[in-house]
Amino acid sequence: MAEYKHSVSLDVEKCKGCTHCLKRCPTEAIRIRNGHAVIDSNRCIDCGECIRQCPHQAKKAVFDKYSAIPKDKYTIALPAPTFYGQFEHLDDIDYLLQGLLDLGFDDVFEVACAAELITEYTRRYLKREDINLPVISSACPVVVRLVSLRFPTLVKNLMPIMPPMELAGIIAREKAKKKHPELKDDDICTVFISPCPAKVSYVKNNLVGYKSNIDMVVSMSDLYFELLNVMKKRITPIPYSRTGMIGVGWAISGGESSSLMNDHYLAADGIENIIKVLEDIDTAQHRNLDFVELNACSGGCVGGVLTVENPYLARVRLRNVKRYLPVSQNHPPESAPEIGMPDEYAICFDDNYKAVSSLGPDRKQAMKLMSDIDEVFKTLPELDCGSCGSPTCRAFAEDVVKGNVKYEECIVVMREKLKDALKSEEC
Amino acid sequence: MPAGLQAKRVNELDCECLSYRFEVDGSNFTTAGEASVQVKRILRRIGFPPETIKRASIAMYEGEINMVIHAGGGIAELFIYEDKIVVVLTDHGPGIADVALAMKEGYSTAPDNIRALGFGAGMGLPNMKRYTDIMDIQTALGKGTVITMTVNV
Numbered sequence: 001m002a003e004y005k006h007s008v009s010l011d012v013e014k015c016k017g018c019t020h021c022l023k024r025c026p027t028e029a030i031r032i033r034n035g036h037a038v039i040d041s042n043r044c045i046d047c048g049e050c051i052r053q054c055p056h057q058a059k060k061a062v063f064d065k066y067s068a069i070p071k072d073k074y075t076i077a078l079p080a081p082t083f084y085g086q087f088e089h090l091d092d093i094d095y096l097l098q099g100l101l102d103l104g105f106d107d108v109f110e111v112a113c114a115a116e117l118i119t120e121y122t123r124r125y126l127k128r129e130d131i132n133l134p135v136i137s138s139a140c141p142v143v144v145r146l147v148s149l150r151f152p153t154l155v156k157n158l159m160p161i162m163p164p165m166e167l168a169g170i171i172a173r174e175k176a177k178k179k180h181p182e183l184k185d186d187d188i189c190t191v192f193i194s195p196c197p198a199k200v201s202y203v204k205n206n207l208v209g210y211k212s213n214i215d216m217v218v219s220m221s222d223l224y225f226e227l228l229n230v231m232k233k234r235i236t237p238i239p240y241s242r243t244g245m246i247g248v249g250w251a252i253s254g255g256e257s258s259s260l261m262n263d264h265y266l267a268a269d270g271i272e273n274i275i276k277v278l279e280d281i282d283t284a285q286h287r288n289l290d291f292v293e294l295n296a297c298s299g300g301c302v303g304g305v306l307t308v309e310n311p312y313l314a315r316v317r318l319r320n321v322k323r324y325l326p327v328s329q330n331h332p333p334e335s336a337p338e339i340g341m342p343d344e345y346a347i348c349f350d351d352n353y354k355a356v357s358s359l360g361p362d363r364k365q366a367m368k369l370m371s372d373i374d375e376v377f378k379t380l381p382e383l384d385c386g387s388c389g390s391p392t393c394r395a396f397a398e399d400v401v402k403g404n405v406k407y408e409e410c411i412v413v414m415r416e417k418l419k420d421a422l423k424s425e426e427c
Numbered sequence: 001m002p003a004g005l006q007a008k009r010v011n012e013l014d015c016e017c018l019s020y021r022f023e024v025d026g027s028n029f030t031t032a033g034e035a036s037v038q039v040k041r042i043l044r045r046i047g048f049p050p051e052t053i054k055r056a057s058i059a060m061y062e063g064e065i066n067m068v069i070h071a072g073g074g075i076a077e078l079f080i081y082e083d084k085i086v087v088v089l090t091d092h093g094p095g096i097a098d099v100a101l102a103m104k105e106g107y108s109t110a111p112d113n114i115r116a117l118g119f120g121a122g123m124g125l126p127n128m129k130r131y132t133d134i135m136d137i138q139t140a141l142g143k144g145t146v147i148t149m150t151v152n153v
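Chains as they are written, first to last, in this note's numbering: chain A, 1 to 427; chain B, 1 to 153.
What follows is the structure, encoded as structure tokens:
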């Protein structure tokens, strides 16, 4: 498998080598080496927690710059519903869509519309009798990666459909080609306006084995400032939004699952919380759950690191935005199957066990390593202070055994040694 | 590692088998099930197939919950071999009066307050049997119970 490209970059100049990101990384993917943070891309799940935690702004999300959008192509903006919650006094989505056209995009297609279709297909999928319950939403790319790396037995529970942005990419392209038959695939550039860097990685890594229908991913906060200027000038917008309440609701934790018209659902958000939920589902069987919605960011997508507004305020604003909207405005075509979803929207998650968490290539070696790690661990103070550059004493013991770091990096051990040395000198 | 779940290597010299020991606190129902989470983590690091890990950790989970509900806690030991996982659960509870009856699906002696939490469906022992390859129950009324479960890879 090709190496995973995560979407966090480090400004080495700014990184002080402190332990904020180290301690908060949920997959222990970070180490401090030679005075600055290093990310193990095989472990990184792109949750953005380190970007959020860094007090020195040394961690940055990687995304396409607004200025890099090609002028000579037919560009289609794909705003995520989260975007609607960023603007003060916005009660009509049309102003925002018009703003995107005024900025120079040739067309706009709302990701919320695709989300409404996915809601409908999920409802139909849940009618199938041969599925593994609970079905776990695959809309958050962090969840998909977390499940495949750490909860391989739950891969078969992932909802096997594309995320809304991909479906939006497909529909937007089809629409553009219908409107302008002269356009070829290469002439079109779909630009997703993202609340988080995880979606950047999703697109760049072709995570589920198909080429992404998104050509560029730009940051919501970048576009926000560009839009503020143009939106002020408009009096009446031309385009009209085609999303309903359900599509807008996807930006908030619980929005996706509550729209399934099925009471047997659970919605959790925040990376630590969703790990706990997955642990629970993996151990005890939740017999009464049909659907599990998990969002890596607190509050749902409104909590993404590329957003501008406080997620809770954004939530209030979204409530205003969707107040007078119809429930849903997007429904599958007559030709769509009554149960399940059209094949072209289905995806198959790689269910090969990617045992990144295992210690060695075979169990015998792993057991030997584990035994050595236990030995080293026993001698450590269990303070989990992070001064050695590893997130916990346990992780440090493992790093020592693997030869990645010297045992003497533990300052507590060194202090004891120093005390002993001083004592013997006194004698 | 949370308090009360001190893992200890029993066999210092024997590298053929890794051993861990967990104290299951019978006085605190809210921590029940934590040892099996630890076990799952350890098994994952060794790289057992996910199905094996699932079987061992569910069996262990059910056993751990049982010890807390019925026996006031006990000791859970984990022995990891290259090709099998052995879990030994030892308690000094009341013992099981009729093992055959206890093994029946749906039979339960759990108190109502435990049932209110969703436990006590009478599936603990049957699930332990179902998810393991060998299960042995040694029990004496008034003295306690030792359950040994083996999951082969």
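Glycine included, every Cβ here is placed at the ideal spot set by N, Cα and C.
When secondary structure is reduced to three states using DSSP, A/D46 falls in the coil class, being assigned neither helix nor strand.
For B/K40, a Cβ of chain A is located within less than 8 Å of the residue's own Cβ. Residues of the stretch 142-167 of chain A that bring their beta carbon within less than 7 Å of a beta carbon in chain B comprise P152 and T153, in sequence order. Assignment of A/A37 by DSSP, reduced to helix, strand and coil, places it in the strand class.
In terms of beta-carbon proximity, B/S36 lines the interface with chain A, with at least one pair separated by less than 8 Å. Within chain A, not a single residue places a beta-carbon under 8 Å from that of B/P126; the smallest gap is close to 13 Å. Residues of the stretch 37-66 of chain B with a C-beta less than 8 Å from any C-beta of chain A: V37, K40, I42, R44, R45, I46, G47, F48, P49, P50, E51, I53, K54, S57, I58 and Y61, listed in chain order. In this structure, the alpha-carbon of B/G63 lies about 51 Å from that of A/S221. In terms of Cβ geometry, B/T148 and B/D133 do not form a close pair [threshold 8 Å].
Residues are counted here when their Cβ sits less than 7 Å from a Cβ of chain B; for the stretch 21-37 of chain A the count is zero. One thing to note: A/T82 has its Cβ within 8 Å of the Cβ of A/T307. When C-beta distances to chain A are compared with 9 Å, the residues of the stretch 72-83 of chain B below that value are I80, Y81, E82 and D83, in chain order. In the DSSP assignment, B/G144 falls within the beta strand (DSSP E) that extends over G144 to N152. For the 8 Å CB-CB criterion, B/A56 and B/V146 do not form a contact.
The stretch 151-166 of chain A makes contact with the stretch 112-126 of chain A, as at least three CB pairs between them are under 8 Å. By the Cβ test, the stretch 7-26 of chain A is not in contact with the stretch 220-239 of chain A, since fewer than three Cβ pairs between them sit closer than 8 Å. Under the criterion of beta carbons closer than 8 Å, A/F349 and A/V203 do not qualify as touching, at roughly 17 Å. As a beta-bridge residue in DSSP terms, B/K84 pairs with B/N152. Between A/E272 and chain B, the shortest Cβ-Cβ separation is not below 8 Å. In the structure shown, A/A29 adopts coil according to DSSP, grouped into three states. Here A/G85 is near A/R315, since their CB atoms are less than 8 Å apart. With 16 or more other CB atoms across the displayed protein chains lying within 10 angstroms of its CB, A/T19 is buried. Going by DSSP, A/K60 is part of the beta strand (DSSP E) stretching over K59 to A61. Against B/L18, the close residues of chain A are M367, M370 and S371, in the order they occur along the chain (beta-carbon pairs closer than 7 Å). Beyond the five residues adjoining it in sequence on each side, A/Y407 comes within less than 6 Å, by CB distance, of V400 in the same chain, given in chain order. With a threshold of 16 other beta carbon atoms within 10 Å, A/A115 meets it and is buried.
Neighbourhood of A/T283 in chain B, by CB distance below 8 Å: G33, S36, V37, K40, S57, I58 and Y61, in chain order. Taking 8 Å as the CB threshold, A/L359 lines the interface with chain B.
Beta-bridge analysis with DSSP links A/C189 to A/T75.
Rounded to the nearest whole angstrom, the CA to CA distance from B/G93 to B/A76 is 14 Å. A/R363 has a beta carbon lying within less than 8 Å of a beta carbon in chain B. Restricted to the stretch 161-226 of chain A, the alpha helix (DSSP H) segments that are unbroken, complete and at least 4 residues in length are 164-179 and 198-204, listed in chain order. Across the set A/I193, A/P26, A/A176 and A/S194, the C-alpha of A/A176 shows the shortest separation from the C-alpha of A/D186.
Any Cβ of chain B closer than 8 Å to the Cβ of A/E334 would place that residue at the interface, and such an atom is absent. Judged by DSSP secondary structure, A/R242 falls outside any beta strand (DSSP E); it is assigned neither H nor E.
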